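Under my numbering, think of the first position of the sequence shown as 1, with each following residue one higher. All C-beta atoms in this analysis are idealised placements derived from N, C-alpha and C, irrespective of residue type, glycine included. No experiment lies behind these values; they were computed from the predicted model shown. Written out below as structure tokens is the structure these notes cover.
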Amino acid sequence: MSKRFYAGYKGFKREYNQALFPVSFELNRGETLAIVGEAGSGKSTLARILVGAETRSSGEIYFEGEALEKRNLKQRCKLIRMIFQDPNTSLNPKLTIGALLDEPLKFNTELNAKQRREQVVDKLRKVGLLPEHADFYPHMISEGMKQRVAVARALMLDPKIIIADEALTALDLSVRSQILNLLLKLQKEMGLSYIFVSHNLSIIRHFSDKVMVLHHGKMVEKATTEELFNAPKHEYTQRLVQELSLFSQKRLHRTIKKHG
């Protein structure tokens with residue numbers, strides 16, 4: 001699939017900016033695909049197309065062999081959900097956590113209020129929170145707990161695929177590790193597939209099964225995680241892996257210096 005944006009007229013000709021050149025990939029059940037690239041590479045555009053927040057200019061998306069368009073919007077919402085980068089902007093501060101989690105159920109299911117409350121409590125427990133947290137407002141909990149709420153909201157309709165768009169960027173190292181471990185646990189329990197959009201190669205190396213590298217809207221490399229990090233083929237990927245290696249060496253040197 002591809003994506004271009006209308007950029008106006010030049011003379012009498014319509015002009016377009018190509019945000020995403022044609023890309024193709026497959027995602028299997030229980031698998032994690034990482035989409036890597038710097039700002040402007042097209043990775044967030046791709047994520048928004050997959051979740052239905054953006055229309056594609058060409059191409060097809062199939063789920064279990066059936067074109068996704070054949071399913072209505074409610075069905076699509078249940079299949080693919082997203083965890084956004086910053087829970088402080090994606091969680092409405094005027095609503096309790098219970099109300100935030102209840103919204104997807106209210107608009108996409110026929111469950112009554114009691115059944116919806118049971119689902120909210122179940123998902124809170126799944127992400128390591130307490131039933132009482134349903135009555136809290138977002139400002140009353142820590143950043144790590146907010147991201148757990150964001151994960152719970154993504155789980156509310158029991159999706160098959162979760163897209164995480166830079167979802168761990170703003171978290172400190174210890175909280176990031178906790179959320180990663182939570183996502184791995186949920187993947188194992190629920191058979192979830194993840195699409196992980198990030199520029200952080202250190203996370204991707206330990207979390208993904210395969211990696212797709214975007215550069216200026218083009219897919220320049222696609223491989224298993226092991227293959228990509230051990231023998232990157234494209235010049236851009238080689239530079240990214242080299243930068244990660246240098247960063248890791250500097251961090252190790254700082255640690256040795258601090259404790260030495």
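Same chain, Cβ closer than 7 Å to residue i, five either side skipped, listed in chain order
{"i": "residue 191", "result": "29 and 30"}
{"i": "residue 127", "result": "148, 151, 152 and 182"}
{"i": "residue 9", "result": "15"}
Cβ-based burial, residue i [other Cβ within 10 Å; buried from 16]
{"i": "residue 156", "result": "buried"}
{"i": "residue 19", "result": "buried"}
{"i": "residue 138", "result": "buried"}
{"i": "residue 237", "result": "buried"}
{"i": "residue 42", "result": "buried"}
{"i": "residue 158", "result": "exposed"}
{"i": "residue 222", "result": "buried"}
{"i": "residue 202", "result": "exposed"}
{"i": "residue 44", "result": "buried"}
{"i": "residue 73", "result": "exposed"}
Inter-residue CB distance, residue i and residue j (contact presumed, cutoff 8 Å)
{"i": "residue 104", "j": "residue 153", "result": "7 Å"}
{"i": "residue 161", "j": "residue 27", "result": "7 Å"}
{"i": "residue 215", "j": "residue 37", "result": "6 Å"}
{"i": "residue 179", "j": "residue 80", "result": "No, residue 179 and residue 80 are not in contact; Cβ-Cβ is about 20 Å, not under 8 Å."}
{"i": "residue 217", "j": "residue 21", "result": "5 Å"}
{"i": "residue 100", "j": "residue 91", "result": "6 Å"}
Test item: CB-CB of residue i and residue j under 9 Å
{"i": "residue 198", "j": "residue 173", "result": "no"}
{"i": "residue 261", "j": "residue 220", "result": "Any answer about residue 261 is impossible in this case: the structure gives the chain only from 1 up to 260."}
{"i": "residue 121", "j": "residue 147", "result": "no"}
{"i": "residue 32", "j": "residue 196", "result": "yes"}
{"i": "residue 87", "j": "residue 143", "result": "yes"}
{"i": "residue 2", "j": "residue 40", "result": "no"}
{"i": "residue 57", "j": "residue 4", "result": "yes"}
{"i": "residue 97", "j": "residue 134", "result": "yes"}
{"i": "residue 194", "j": "residue 177", "result": "no"}
{"i": "residue 61", "j": "residue 54", "result": "no"}
{"i": "residue 213", "j": "residue 240", "result": "yes"}
{"i": "residue 224", "j": "residue 204", "result": "no"}
Nonlocal neighbours in the same chain, by C-beta distance under 8 Å from residue i, ignoring five residues either side
{"i": "residue 255", "result": "Residue placement at residue 255 cannot be trusted, given a pLDDT of 44 that sits under 50; what the coordinates show is reported in the next sentence. Result list for residue 255: empty, nothing under 8 Å."}
{"i": "residue 131", "result": "121, 124 and 125"}
{"i": "residue 85", "result": "165, 166, 167, 169 and 170"}
{"i": "residue 111", "result": "105 and 119"}
{"i": "residue 108", "result": "74, 77, 78 and 157"}
{"i": "residue 67", "result": "60 and 61"}
Beta-carbon proximity list for residue i, same chain, < 6 Å, skipping 5 on both sides
{"i": "residue 129", "result": "148"}
{"i": "residue 51", "result": "80, 82 and 163"}
Cβ of residue i within 9 Å of any chain D Cβ
{"i": "residue 148", "result": "Going by chain labels, chain D is absent from the structure shown, which holds only one protein chain."}
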